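Residue numbers (the numbering used here): -17 to 138.
First up is the structure itself, then whatever we jot down about it.
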Amino acid sequence: MFAALTYWFPKMFGRMMNETLGKIHFWGTFIPFNCIFLPLFFLGLAGQHRRIYNYNHFPDLATQELQNIRIFATVSLVVMLFFQLIFIYNFFVSMFKGEKAPNNPWKANTLEWSISSPPPHGNFKTLPTVYRGAYEYSVPGREMDYWPQNVPPEES
-17 MFAALTYWFP KMFGRMMNET LGKIHFWGTF IPFNCIFLPL FFLGLAGQHR RIYNYNHFPD
43 LATQELQNIR IFATVSLVVM LFFQLIFIYN FFVSMFKGEK APNNPWKANT LEWSISSPPP
103 HGNFKTLPTV YRGAYEYSVP GREMDYWPQN VPPEES
């Protein structure tokens, strides 16, 4: 979801999100995510069920070692939630103050990136001519991978 929002943000708003904040958000989500769910996986291997309200009926799960794992996963969750605030901040501030996005910031070959961002009403003034498939990268004999669908072969 975050990757898709970041990818389509320039097309939706005509501006770029802050790349540094995006990297901080990525690592601040990726690391705590694994610190949440890997310990929970090990708790499951130890026999813990989901949604246990009271451990009195499960004395084998009421050990301090397993409780420490639960606490670690909970703290990791709180840390990960904090980093989501960075994404929300980046999203809303970039809407208004982000750097202006070029028409095709990702050098994508597909047609939607051949028009201005955000797209005008009706998208295309005239229907574009398509000369190749959308995902033809690393074409033999070409120096660059970037070769938009609507660029004729002789213009490359």
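Even for Gly, the Cβ is constructed at its ideal location relative to N, Cα and C.
As the structure is a prediction and not an experimental result, all values here were calculated from the model.
Would you grab the beta carbon distance between residue i and residue j for me? Rounded to a whole angstrom, and I think it's under 8 Å.
i, j, result
"residue 62", "residue 14", "4 Å"
"residue 105", "residue 97", "6 Å"
"residue 35", "residue 89", "At roughly 53 Å, the Cβ-Cβ gap does not stay under 8 Å, so residue 35 and residue 89 are not in contact."
"residue -8", "residue 87", "5 Å"
Below 7 Å, is the gap between the Cβ of residue i and the nearest heavy atom of the ligand GTP?
i, result
"residue 58", "Although the ligand GTP was asked about, the structure shown includes no ligands whatsoever."
Whose C-beta lies closer than 8 Å to the C-beta of residue i among residues of the same chain, with five residues either side of it excluded?
i, result
"residue -16", "7, 8, 11 and 69"
"residue 85", "95, 96, 97, 98 and 99"
Find the nearest neighbour of residue i within the set the options, judged by alpha-carbon distance.
i, options, result
"residue 109", "44, 32, 132 and -13", "132"
"residue 67", "3, 46, 111 and 117", "3"
"residue 0", "128, 71 and 121", "71"
"residue 17", "38, 58 and 31", "58"
"residue 113", "93, 124, 126 and 120", "93"
Give me, in chain order, the residues of the same chain whose beta-carbon lies closer than 7 Å to that of residue i; leave out the 5 immediate sequence neighbours on both sides.
i, result
"residue 130", "91 and 96"
"residue -6", "100"
I'd like to know whether the C-beta atoms of residue i and residue j end up nearer to each other than 8 Å.
i, j, result
"residue 29", "residue 43", "yes"
"residue -4", "residue 83", "yes"
Note to self: Measuring CB atoms only, is the segment 74 to 82 touching the segment 20 to 34, in the sense that at least three cross pairs come out at less than 8 Å?
What the structure shows: no
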